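Going line by line, the protein sequences match chains X and D. With my numbering, letter number 32 in the first sequence gets 32, and the count goes up by one each step, no holes. With my numbering, letter number 146 in the second sequence gets 1146, and the count goes up by one each step, no holes. The beta-carbon is built from N, C-alpha and C at its ideal position, and this holds for glycine as well. Owing to the predicted nature of the structure, the values given are computational and were not obtained by experimental measurement.
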Amino acid sequence: MVNTEPLSEYKIMELLAQIPDPDIPVVSIVELGIVRDVQVDDASKVTVTITPTYSGCPAMSVFKEDIRETLLKNGAKEVDIKISFTPAWTTDWLSESTRYKMRKHGIAPPETNSSDPVALFSSGKQKIKCPHCSKTDTNLTSQFGSTPCKAIWFCNSCNQPFEYFKCY
Amino acid sequence: MKTKEAIYTYCLRIADSNLILGQRLAEWCSRGPILEEDLAMTNISLDLFGQAETLYEYAASIKGNNATADSLAFLRVEREYCNRLIVEQPNGDFAFTMVRELLFSSFQKNLYEALYKSNDEMFKGFAGKAVKEAKYHLRHSSEWVIRLGQGTEESHRRTQWAIDELWRYTADMFEMNEVDEELISMGIAPDLKEIQKLWIKSVMSVTAEAGLTIPETPHVIKGGNDGIHTEHLGHILCELQYLQRAHPGASW
Ligand SMILES: [Zn+2]
């Protein structure tokens, strides 16, 4: 695709909003909240600032490659990716529509505000809504799941296991 | 001591501890008592490696001289590692690993909470993220120590034994030297004596609920800050560094 239109910051955000999270493809990296800043100079050199999710998140290197590839394909002459650690990424940044998409994808979104100690501690007492049937008769199977960001739960109403995106 | 040099060493202390504990936990891969625990321990390992990488990168940026996170992780010798001694202790049985996890993650959680108030922007950003992970690790190990302590006679016996064995390495986590003095004076790192008070409180709340006792400690083993290790670190490094030593610069 040949693109003659000069890259604007708005256009870059639009492009980035099309890059899916490799682990939850229904959610883009912009919706996930990892893109913190975008700048472009007159020579179409783009600087994207991203923030890591979990410290050991293996998806981070995929994010970086995808961002670089997408922007270079769409008119950027050079792409510089900066990592910012403050403010620390939190699941509180996930919007309602992102949470809705996760639920439709079969993943229960984080339910409590991450600054609430209950979210991190008494998971035994916490009840997570099943993304399949919306009932709350559910149990934690394992705090750790298929990726660092997810726990495994089980729904006693529809007898289905499901993943829960942990509060962070 | 200059501040930069102190920050460099402080990074290595935390990163080395995380790298070595991550390696220990990874030894459980495919050997966990149940699938969920296999996943849990390797997930915790991944968090620890990620935290280590962040601080190795920071340390490498201070050191310059073409240092990288990888060269710091893989190309130093045993005496240059300043991890806490408790993390290099062998896994033992599942109870032993969970007690080690409890003792270390409660230290980490309290340390990170303090580092989140650091005057150093990088430490602050790192700690804000890492503390959330440490809380998950602490919750995981606390729940298991309580379950095992209150479980059968056998699980109680093994868990108590693990506490008795590991306790001698706990004082080492709070050892300070001129690195701490410099960073405390600059408002960059906390006084570990304060962290120790918070730590003992959180550990005792778990052991009390588990029906376990904290041992009197006639014998204390220290040396992590000075690179004086127990005999176990050399063996871990053999395995950990093998690839980079045999094929320098290998990547994939
Ligand atoms: Zn259900």
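Residue i burial status per 10 Å Cβ neighbour count (16 or more: buried)
{"i": "residue 1130(D)", "result": "buried"}
{"i": "residue 1048(D)", "result": "buried"}
{"i": "residue 1182(D)", "result": "buried"}
{"i": "residue 1248(D)", "result": "exposed"}
{"i": "residue 1034(D)", "result": "exposed"}
{"i": "residue 1009(D)", "result": "buried"}
{"i": "residue 27(X)", "result": "buried"}
{"i": "residue 1088(D)", "result": "buried"}
{"i": "residue 1157(D)", "result": "exposed"}
{"i": "residue 1215(D)", "result": "exposed"}
{"i": "residue 1243(D)", "result": "exposed"}
{"i": "residue 1001(D)", "result": "exposed"}
{"i": "residue 1135(D)", "result": "buried"}
{"i": "residue 1028(D)", "result": "buried"}
{"i": "residue 1213(D)", "result": "exposed"}
{"i": "residue 102(X)", "result": "buried"}
{"i": "residue 1148(D)", "result": "buried"}
{"i": "residue 51(X)", "result": "buried"}
{"i": "residue 143(X)", "result": "buried"}
{"i": "residue 1235(D)", "result": "exposed"}
{"i": "residue 48(X)", "result": "buried"}
{"i": "residue 25(X)", "result": "exposed"}
Residues near residue i in its chain [Cβ-Cβ closer than 8 Å; skip 5 each side]
{"i": "residue 54(X)", "result": "148, 149, 168"}
{"i": "residue 1195(D)", "result": "1107, 1110, 1111, 1114, 1174"}
{"i": "residue 70(X)", "result": "15, 16, 18, 19"}
{"i": "residue 56(X)", "result": "148"}
{"i": "residue 98(X)", "result": "27, 31, 32, 109"}
Within-8 Å CB hit, residue i to chain D
{"i": "residue 160(X)", "result": "no"}
{"i": "residue 177(X)", "result": "In the structure displayed, chain X extends from 1 to 168; residue 177(X) sits before or after that span and is not available."}
{"i": "residue 88(X)", "result": "yes"}
{"i": "residue 118(X)", "result": "Model confidence at residue 118(X) stands at a pLDDT of 49, short of 50, so the residue's coordinates are unreliable and nothing is read from them."}
{"i": "residue 143(X)", "result": "yes"}
{"i": "residue 148(X)", "result": "yes"}
{"i": "residue 168(X)", "result": "yes"}
{"i": "residue 85(X)", "result": "yes"}
{"i": "residue 156(X)", "result": "no"}
Minimum Cβ-Cβ distance from residue i to chain X less than 8 Å
{"i": "residue 1230(D)", "result": "no"}
{"i": "residue 1112(D)", "result": "no"}
{"i": "residue 1008(D)", "result": "no"}
{"i": "residue 1242(D)", "result": "no"}
{"i": "residue 1169(D)", "result": "no"}
{"i": "residue 1140(D)", "result": "yes"}
{"i": "residue 1249(D)", "result": "no"}
{"i": "residue 1105(D)", "result": "no"}
Cβ-heavy atom distance, residue i to ligand 3, below 7 Å
{"i": "residue 135(X)", "result": "Judged by which ligands are present, ligand 3 is missing from the structure shown, whose ligands are ligand 1."}
Residues of its chain near residue i, where Cβ-Cβ distance is below 6 Å and the 5 sequence neighbours each way are ignored
{"i": "residue 164(X)", "result": "108, 128, 151, 153"}
{"i": "residue 1162(D)", "result": "1095, 1096, 1099"}
{"i": "residue 973(D)", "result": "Limits of chain D in this structure are 1001 at one end and 1252 at the other, which puts residue 973(D) out of reach."}
{"i": "residue 1177(D)", "result": "1225"}
Segment limits, beta strand (DSSP E) that includes residue i
{"i": "residue 36(X)", "result": "35-40"}
{"i": "residue 80(X)", "result": "78-83"}
{"i": "residue 163(X)", "result": "160-165"}
{"i": "residue 142(X)", "result": "138-142"}
{"i": "residue 49(X)", "result": "45-50"}
{"i": "residue 1174(D)", "result": "Per DSSP, residue 1174(D) belongs to no beta strand (DSSP E) and is neither H nor E."}
{"i": "residue 1199(D)", "result": "Where residue 1199(D) is concerned, there is no enclosing beta strand (DSSP E), although the alpha helix (DSSP H) it sits in stretches over 1192-1210."}
{"i": "residue 152(X)", "result": "150-155"}
Contacting residues, own chain, Cβ-Cβ under 7 Å from residue i (five flanking each side not counted)
{"i": "residue 1206(D)", "result": "1102, 1142, 1145, 1146"}
{"i": "residue 157(X)", "result": "130, 133, 135, 137"}
{"i": "residue 1090(D)", "result": "1232"}
{"i": "residue 1040(D)", "result": "1140"}
{"i": "residue 59(X)", "result": "21, 22, 23"}
Residue span of the alpha helix (DSSP H) that contains residue i, given as start and end
{"i": "residue 63(X)", "result": "59-73"}
{"i": "residue 1004(D)", "result": "1003-1026"}
{"i": "residue 1238(D)", "result": "1232-1246"}
{"i": "residue 1161(D)", "result": "1153-1166"}
{"i": "residue 53(X)", "result": "Taken as a continuous stretch (DSSP letters only), residue 53(X) belongs to no alpha helix (DSSP H), as it is neither H nor E."}
{"i": "residue 30(X)", "result": "29-32"}
Going along the region 1122-1134 of chain D in order, which residues come within less than 8 Å of chain X, judged by CB to CB distance?
Of all residues in the region 1122-1134 of chain D, 1122, 1124, 1125, 1126, 1128, 1129, 1130, 1132, 1133 have a Cβ within less than 8 Å of some Cβ in chain X.
Using a Cβ-Cβ cut-off of less than 9 Å, give me the residues of the region 1037-1055 of chain D that come near chain X, in sequence order.
Identification of residues in the region 1037-1055 of chain D having a C-beta nearer than 9 Å to some C-beta of chain X yields 1037, 1039, 1040, 1041, 1042, 1043, 1044, 1045, 1046, 1047, 1048, 1049, 1050, 1051, 1052, 1053, 1054, given in sequence order.
Along the region 45-64 of chain X, where does the CB come closer than 8 Å to a CB of chain D? Name the residues.
Closer than 8 Å at the C-beta level to chain D, one finds these residues of the region 45-64 of chain X: 52, 54, 55, 56, 57, 58.
Closer than 7 Å, Cβ to any Cβ of chain X: which residues of the region 1064-1088 of chain D, in chain order?
Of all residues in the region 1064-1088 of chain D, none places a beta-carbon less than 7 Å from a beta-carbon of chain X.
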